[in-house]
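Q: Taken in order, the sequence shown gives residues 325 to 685; the numbers are from our numbering. Below is the structure I would like to discuss, written out as structure tokens.
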Amino acid sequence: EKYFLYSIVHDISERVTAQKELMKFKLGIENSPNMILITDTEGRIEYANKAFQKKYGYSLDEIMGETPQIIKSGRYGGEFYREYWETLLSKEVVKGEMINKTKQGEEIYISYSTNPIVDKKGNLNGFIAIQDDVTKQKKAEKELSESLEEKEVLLSEIHHRVKNNLAIISALLELNLYHKDEETTIEEFVHSSQMRIKAIAEVHEMLYQSDQFTQISFNEYIERLVRKIQELVKNQEQEIRFITEVEDIDLNINQAIPVGLMIDELLMNSMKFGFNGRSKGQIKIGLDKQGDDVLITLEDNGDDSSIKTYQERSTSLGKTLLDVLISQIEGEFNFWQTDEGAIYRIRFTPVERSGSAGHVF
């Protein structure tokens with residue numbers, strides 16, 4: 325009796341290779357940092373990778389068989405989605421950006437590419453969407469855009485303020501010349517002009533160093549203005565001591581410049597006329613808040629010369645400026661003499677106004 329053995333051998337090398345390639349592809353999709361979603365031709369979800377599940381907060385069991393409507397943000401109308409699906413069904417790729425919503429209700433910006441899955445015969449088998457979270461990028465772009473817009477506004481404001489305040493300086497110089505009498509020396513003319521210009525320049529210098537750009541710390545302004553004036557008068561024969569008692573108060577540029585000019589005028593008046601025949605003197609400047617008002621007080625320990633001079637020089641530039649400036653800030657200006665010296669007081673209500681403070685004259 326004879327026995328025969330038949331053996332059939334199939335070469336499955338290609339199948340094994342294909343399975344390995346398929347496994348690589350599956351692992352690649354599963355572990356991709358991009359969010360990947362696969363649906364059938366009706367839009368029902370058949371697969372979502374780990375990144376998709378983590379970002380949107382849904383497990384695979386929760387979204388299997390659902391449609392992408394569960395991640396809609398509600399920001400887009402029917403026309404948007406109608407065009408979206410018409411393009412896909414015509415076997416074309418759809419790319420773009422949109423806002424979706426997570427399970428927790430958080431809105432996220434995504435960049436997406438949705439591709440039709442077509443077999444070798446050209447049949448449509450489903451769709452695969454690849455998404456990338458660009459929320460941080462969008463926020464950064466928005467912040468950059470807002471920053472650029474703000475800088476454009478600030479540059480425009482700088483131009484406007486510089487232009488208007490150059491006009492102020494020009495007007496001040498013209499008024500100085502107009503009010504210059506025979507007794508006024510060239511040195512006095514230059515000195516008074518210099519102090520008025522510094523009063524304006526100090527506001528701008530502080531504005532450009534500030535983050536706010538619309539208002540300045542006026543207590544700091546007074547301290548800085550006094551230091552500048554001390555530098556200007558340090559070589560004079562008289563020794564004048566300055567005392568500042570100032571609270572923390574911010575002022576809009578529209579009031580800071582005229583108020584700064586007023587303080588400058590009063591300081592010049594006291595220094596020039598308040599200490600006649602004396603080698604020493606003292607000027608105290610106070611800044612504080614009383615209710616809704618700001619109160620600025622300037623006191624000197626001189627005789628009554630500064631007040632008499634102020635009253636007698638009714639057509640002087642200093643008095644003209646003070647009258648115009650106090651009217652501009654809609655404030656009150658009073659002065660009186662005591663046994664200890666002269667007192668000048670400015671009272672006004674701080675306001676917020678847009679635009680430049682250039683219209684002083």
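Glycine included, each C-beta is placed from N, C-alpha and C at the ideal position.
#1: Measuring straight from C-alpha to C-alpha, what distance separates ALA666 and ILE564?
#2: Between which two residues does the alpha helix (DSSP H) harbouring PHE599 extend?
#3: In the structure shown, what three-state DSSP assignment does SER638 receive?
#4: Suppose you measure from the CA of ILE650 to the CA of TYR400; what does that come to, to the nearest Å?
#5: Compute the distance between the beta-carbons of ILE395 and ASN439, then report whether it is under 8 Å.
#6: What do you get for MET586, buried or exposed, if any count of 16 or more other CB atoms within 10 angstroms of its CB means buried?
#7: How long is the line joining the alpha carbons of THR673 and TRP660, rounded to whole angstroms?
#8: Going by Cα to Cα distance, which pick from MET347, GLY598 and ILE573 is closest to GLU664?
#9: Just confirm the distance between the C-beta atoms of ILE620 and VAL550, as a whole number of angstroms; I'd bet it's less than 8 Å.
#10: Could you tell me whether the stretch 374-389 touches the stretch 405-414, using the rule of 3 or more Cβ pairs below 8 Å?
#11: Beta-carbon within less than 6 Å of ILE332's beta-carbon, same chain only, minus the 5 sequence neighbours each way: which residues are those?
#12: For ASN439, which beta-bridge partners are listed by DSSP?
#13: For MET530, which residues of its own chain have a beta-carbon under 8 Å away from its beta-carbon, when the five flanking residues on both sides are left out?
#14: Got a sec? Which residues, its chain only, sit under 7 Å from THR538 by beta carbon, not counting five neighbours each side?
#15: Determine the contact status of MET595 and VAL557, defining contact as a CB-CB distance below 8 Å.
#16: What residue does the beta strand (DSSP E) around GLY610 start on, and which one ends it?
#17: Could you have a look at GLU366 and say whether DSSP puts it in helix, strand or coil?
#18: Start and end of the beta strand (DSSP E) containing GLU421?
#19: Could you name the residues of the same chain whose beta carbon sits closer than 7 Å to that of GLY367, not counting the 5 residues immediately before and after it, in chain order?
#20: If you follow the alpha helix (DSSP H) that GLN377 is part of, which residue opens it and which one closes it?
#21: May I ask which residues mark the beginning and end of the beta strand (DSSP E) holding ILE564?
#22: In whole angstroms, what is the alpha-carbon distance linking GLN614 and GLY655?
#23: In angstroms, rounded to a whole number, what distance separates the CA positions of ALA375 and LYS344?
#24: What are the start and end residues of the alpha helix (DSSP H) that includes VAL557?
#25: Kindly give me the distance between the Cβ atoms of GLN455 and MET359, rounded to whole angstroms, as I take these residues to be in contact under 8 Å.
#26: Just to confirm, is the Cβ distance from LEU361 to LYS415 under 8 Å?
#27: Going by the DSSP bridge assignment, what does GLU654 pair with across the sheet?
#28: If you reduce the DSSP assignment to three classes, tell me which class TYR408 lands in.
#29: Determine which residues share a DSSP beta bridge with ARG671 and list them.
#30: Identify which residue in GLN428, GLU465, GLU338 and ILE581 has its Cα closest to the Cα of SER397.
#31: Please list, in chain order, all residues of the same chain as LYS444 whose beta carbon is under 8 Å from its beta carbon, the five residues on each side excluded.
#32: On a Cα-Cα basis, can you pick out the residue from TYR436, THR459, ALA464 and GLN461 that is closest to PHE451?
#33: Determine the closest residue to ASP616 out of ALA453, TYR668, ILE573 and VAL527, with distance taken between C-alpha atoms.
#34: Just verifying my parser: in three-state terms, what is the DSSP assignment at THR662?
A: Straight from the coordinates:
#1: 15 Å
#2: In the DSSP assignment, PHE599 falls outside any alpha helix (DSSP H), carrying neither H nor E.
#3: Note that SER638 scores 46 on pLDDT, short of 50, meaning its location in the model is unreliable; the coordinates nonetheless yield the value given after this. Three-state DSSP puts SER638 in coil, outside helix and strand.
#4: 56 Å
#5: no
#6: buried
#7: 22 Å
#8: GLY598
#9: Not quite, the Cβ-Cβ distance comes to about 13 Å (not below 8 Å), so this is no contact.
#10: no
#11: none
#12: ILE452
#13: ILE540, SER541, GLU544, TYR545 and ARG548
#14: ASN576 and ILE577, listed in sequence order.
#15: Yes.
#16: Its beta strand (DSSP E) spans residues 604-614.
#17: Three-state result, GLU366: coil.
#18: 418-425
#19: THR391 and PRO392
#20: 374-380
#21: Segment 563-570, the beta strand (DSSP E) holding ILE564.
#22: In this structure, the CA atom of GLN614 is about 14 Å from the CA atom of GLY655.
#23: 23 Å
#24: That run of the alpha helix (DSSP H) goes 542-557.
#25: 4 Å
#26: no
#27: Note: GLU654 sits in no beta bridge, so no partner.
#28: Three-state DSSP puts TYR408 in a helix.
#29: LEU619 and GLU656
#30: GLN428
#31: If we look at LYS444 and ignore the five residues flanking it on each side, it has no Cβ neighbours.
#32: TYR436
#33: ILE573
#34: strand
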